[in-house]
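**Student:** Below you'll find the structure I mean.
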Amino acid sequence: MRKIPRSLLVTVSILFLLSIGLLFLFQNTRNTQNQENETETVNNRFNPPITRVQNVENERNVLQINSLSMGETIKNHLRNDPSVFLIKHNEKNESHYIKNEVTVKFKIHPTTQDLNRMVREINGNIIKNLNSTIAFHSNEFTTLELIEYFNERTNVEFAEPNYLYLQNQVEFPNDLLYHEQYQWNLPVIHTEAGWGITRGDEHIIIAVVDSGVDLNHPDLRRRLTNGYNVLENNDFPDDDNGHGTHVAGIIASETNNREGVAGITWYNKIMPVKAMSAEGYGTTFDVAKGIIWAVDHGADVINLSLGNYQPSSLLKESVDYAYDHNVVLIAAAGNENTSQPSYPAVYPEVLSVAAVSYTGQRAPFSNYGDYIDVTAPGVQISSTYFNQQYAALSGTSMASPHAAGLAGLLLSANPDLTNREVIDIIKNTAYDLGIPGADSDFGSGLIDVKNALEAAQIQ
Numbered sequence: 008m009r010k011i012p013r014s015l016l017v018t019v020s021i022l023f024l025l026s027i028g029l030l031f032l033f034q035n036t037r038n039t040q041n042q043e044n045e046t047e048t049v050n051n052r053f054n055p056p057i058t059r060v061q062n063v064e065n066e067r068n069v070l071q072i073n074s075l076s077m078g079e080t081i082k083n084h085l086r087n088d089p090s091v092f093l094i095k096h097n098e099k100n101e102s103h104y105i106k107n108e109v110t111v112k113f114k115i116h117p118t119t120q121d122l123n124r125m126v127r128e129i130n131g132n133i134i135k136n137l138n139s140t141i142a143f144h145s146n147e148f149t150t151l152e153l154i155e156y157f158n159e160r161t162n163v164e165f166a167e168p169n170y171l172y173l174q175n176q177v178e179f180p181n182d183l184l185y186h187e188q189y190q191w192n193l194p195v196i197h198t199e200a201g202w203g204i205t206r207g208d209e210h211i212i213i214a215v216v217d218s219g220v221d222l223n224h225p226d227l228r229r230r231l232t233n234g235y236n237v238l239e240n241n242d243f244p245d246d247d248n249g250h251g252t253h254v255a256g257i258i259a260s261e262t263n264n265r266e267g268v269a270g271i272t273w274y275n276k277i278m279p280v281k282a283m284s285a286e287g288y289g290t291t292f293d294v295a296k297g298i299i300w301a302v303d304h305g306a307d308v309i310n311l312s313l314g315n316y317q318p319s320s321l322l323k324e325s326v327d328y329a330y331d332h333n334v335v336l337i338a339a340a341g342n343e344n345t346s347q348p349s350y351p352a353v354y355p356e357v358l359s360v361a362a363v364s365y366t367g368q369r370a371p372f373s374n375y376g377d378y379i380d381v382t383a384p385g386v387q388i389s390s391t392y393f394n395q396q397y398a399a400l401s402g403t404s405m406a407s408p409h410a411a412g413l414a415g416l417l418l419s420a421n422p423d424l425t426n427r428e429v430i431d432i433i434k435n436t437a438y439d440l441g442i443p444g445a446d447s448d449f450g451s452g453l454i455d456v457k458n459a460l461e462a463a464q465i466q
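Residue 8 is where the sequence shown starts when you use our numbering, and the numbers rise one by one after that.
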């Protein structure tokens, strides 16, 4: 066999090494390009082509509401209200309850004779009742004295203050404000891509337990089911505050009607439940009764854009009742830039939603902590407002209904999902933000409509 010349071997070896080097260089360049493309995609998610979200004040159809300032105004009002007791958790966080009132859960509903005797002994009256839970007012006893009085009775399961819950507000559709790109919030969570899978189902009902809904709003009136006014005990849950109408519009404002804003779902119905007053807050009793009413009347999802920092046995009972009936519960995380646990968001049966801005950062007002499950857009969110208007508001109250709308879409795509499966899908398909993995600012990340709906199809 003829011997191969050394010079030829050297030449072949050099060519082989050069080939490997060029292949590595090409692969490395491609990986770098992919990383750059991925980075560009990430940046584009929070970079609308027209950043008019920062300039909504130029749009005459959109009211400018300083919702965070409104929240502080509510708290200042409560601090100075002689009928309200203030609980200071720390320098930043506070809760409130109504003086001289108590909510009592009886093991067995008292007889009329027993109730009359208790009313005489506390020198007061019965305010409201919900099955075997009764709210009492006294003209003589403080709340703590009332709790002590009722806890001495063997028939009482628990007695607690009547806490106050505050609002946590802060094909492409042809809707006017969406078309003009005031709604940065829907593209950033890949809503349009998700609409290719489902746009909702009118048989899946999303309850909004809040200040009611503007029943005559042109972007909502055809999207509503029968609702309930807890405060007046009637079937007229009209909004006299604006918060509930704004929340409802984020979820289900009529889409593709050449007017106003686009909702996350085109077809899911809103069940309006008024449990909060024109002043922007509601009691434990009314919120719990609103949750139970919504469950009993067919709600599949319940949005709770409200909260405080004080646990309540009555609220927890209503949450458990809804969860045991396979209802998906979604709540705002709170607006005080604190890790203080907010109720009902902190409950494990509830999906807790924090807020991000159009930069992709945690909104500066948004609460954080290990109880945060996911985030959603919550800064300058354009939506419906009461008196047939539109407004841009900020707050975790605005983030929560994005997740509630997604839950409605998930059940539309797969009605056999359990409430726990819906919550897990929303968390597991979220777009990771911040440090890799779950963290205290973003939870599992930003909700992603397309990813979640794709997962629901194969569940």
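No residue lacks a Cβ here, since even glycine has one placed at the ideal position from N, Cα and C. Keep in mind that this is a model prediction, so the values were computed, not measured.
Only counting the same chain, and skipping five residues up and downstream in sequence, which positions put a Cβ closer than 7 Å to that of Lys457?
**Tutor:** His197, Ala200, Gly201
**Student:** Let me know the secondary structure DSSP gives Pro244 once reduced to three states.
**Tutor:** coil
**Student:** Which parts of the stretch 410–452 are runs of the alpha helix (DSSP H), unbroken and 4 residues or longer, counting only runs that do not cross its ends?
**Tutor:** 426–435
**Student:** Between Ala463 and the rest of its own chain, which residues show a CB-CB distance below 7 Å, the 5 nearest in sequence each way excluded?
**Tutor:** The answer, listed in chain order, is Leu417, Ala420, Asn421, Leu424, Ile432.
**Student:** Taking 7 Å as the threshold (C-beta atoms), are Leu413 and Ile454 in contact?
**Tutor:** yes
**Student:** Where do the ends of the beta strand (DSSP E) carrying Val254 lie?
**Tutor:** Careful: Val254 lies outside any beta strand (DSSP E), inside the alpha helix (DSSP H) at 250–259.
**Student:** Using the beta-carbon count (16 or more within 10 Å), is Lys95 buried or exposed?
**Tutor:** So Lys95 ends up on the exposed side.
**Student:** Taking Asn458 as part of the alpha helix (DSSP H), name the residues at either end of that continuous run.
**Tutor:** 456–465
**Student:** Pick helix, strand or coil for Gln396, following the three-state DSSP scheme.
**Tutor:** strand
**Student:** To which residues does DSSP link Leu358 through a beta bridge?
**Tutor:** In the DSSP output, where bridge partners are listed per residue, Leu358 has Ile337.
**Student:** Please report the Cβ distance between Lys106 and Thr149, rounded to the nearest whole angstrom; I am assuming they are in contact, meaning their Cβ atoms lie under 8 Å.
**Tutor:** Contact flag correct, Cβ pair sits at about 7 Å.
**Student:** Looking at Leu231: is its Cβ nearer than 7 Å to the Cβ of Ile277?
**Tutor:** yes
**Student:** Is Ile213 near Ala362, with beta carbons less than 7 Å apart?
**Tutor:** no
**Student:** In angstroms, rounded to a whole number, what distance separates the CA positions of Asp247 and Asn426?
**Tutor:** Roughly 31 Å separates the two Cα atoms.
**Student:** Skipping 5 residues on each side, what residues in its chain have a beta carbon closer than 7 Å to that of Val429?
**Tutor:** In the same chain as Val429, and ignoring 5 residues on each side of it, the C-beta atoms closer than 7 Å to its own belong to Val335, Ala414, Leu417, Leu418, in chain order.
**Student:** By the 10 Å Cβ neighbour count, where 16 or more other Cβ atoms means buried, how is Arg127 classified, buried or exposed?
**Tutor:** exposed
**Student:** Using DSSP with H/G/I as helix, E/B as strand and the rest coil, what is Tyr378?
**Tutor:** coil
**Student:** What residue range is occupied by the uninterrupted beta strand (DSSP E) comprising Gly367?
**Tutor:** Per DSSP, Gly367 belongs to no beta strand (DSSP E) and is neither H nor E.
**Student:** Given that a residue counts as buried once 16 or more other Cβ atoms are within 10 Å of its Cβ, and exposed if not, what is Ala339?
**Tutor:** buried
**Student:** Exposed or buried, which one is Thr290 when buried takes at least 16 other CB atoms within 10 Å?
**Tutor:** buried
**Student:** For the alpha helix (DSSP H) that contains Lys323, what are its first and last residues?
**Tutor:** 320–331
**Student:** Determine the DSSP secondary structure at Asn65, reduced to helix, strand or coil.
**Tutor:** Here Asn65 scores only 47 on pLDDT, less than 50, and its place in the model should not be relied on; the value that follows carries that caveat. Here Asn65 sits in helix by DSSP.
**Student:** How big is the Cα-Cα spacing for Ser407 and Asn310?
**Tutor:** 7 Å
**Student:** What number of angstroms, rounded off, separates the C-alpha of Ile204 from the C-alpha of Thr272?
**Tutor:** Ile204 and Thr272 have their alpha carbons spaced roughly 12 Å apart.
**Student:** Using the three-state DSSP reduction, which class does Phe113 fall into: helix, strand or coil?
**Tutor:** strand
**Student:** Here's the rule: buried if 16 or more other CB atoms are within 10 angstroms of the residue's CB, otherwise exposed. What is Glu98?
**Tutor:** exposed
**Student:** Beta carbon of Leu255, beta carbon of Leu227: below 7 Å?
**Tutor:** This sequence places Ala at residue 255; Leu is not what is there. In this structure, Leu227 lies closer than 7 Å to Ala255 by Cβ.
**Student:** Going by DSSP, what residue range makes up the beta strand (DSSP E) through Val215?
**Tutor:** 212–217
**Student:** Can you tell which of Glu286, Tyr378, Val357, Tyr104 has its C-alpha closest to the C-alpha of Thr345?
**Tutor:** Tyr378
**Student:** Report buried or exposed for Glu159, applying the criterion of at least 16 other Cβ atoms within 10 angstroms of its Cβ.
**Tutor:** Exposed is the call here.
**Student:** Alpha carbon to alpha carbon, how far is Leu400 from Arg206? Give it in angstroms, no decimals.
**Tutor:** 25 Å
**Student:** Taking Cβ positions, are Lys114 and Asn162 nearer each other than 7 Å?
**Tutor:** yes
**Student:** Can you give the Cα-Cα distance for Leu151 and Ser359, rounded to whole angstroms?
**Tutor:** 31 Å
**Student:** Between the Cα of Lys323 and the Cα atoms of Leu313, Asn333, Ala295, which residue gives the shortest distance?
**Tutor:** Ranking Leu313, Asn333, Ala295 by CA distance to the CA of Lys323 puts Ala295 first.
**Student:** Which class does Leu16 belong to by DSSP, given the choice of helix, strand or coil?
**Tutor:** For Leu16, the predicted structure reports a pLDDT of 46, less than 50, and the residue's modelled location is therefore unreliable. A value from the coordinates is still provided. Reduced to three states, the DSSP call for Leu16 is helix.
**Student:** Give me, in chain order, the residues of the same chain whose beta-carbon lies closer than 6 Å to that of Asp439; leave out the 5 immediate sequence neighbours on both sides.
**Tutor:** Taken in chain order, the residues that qualify are Gly452.
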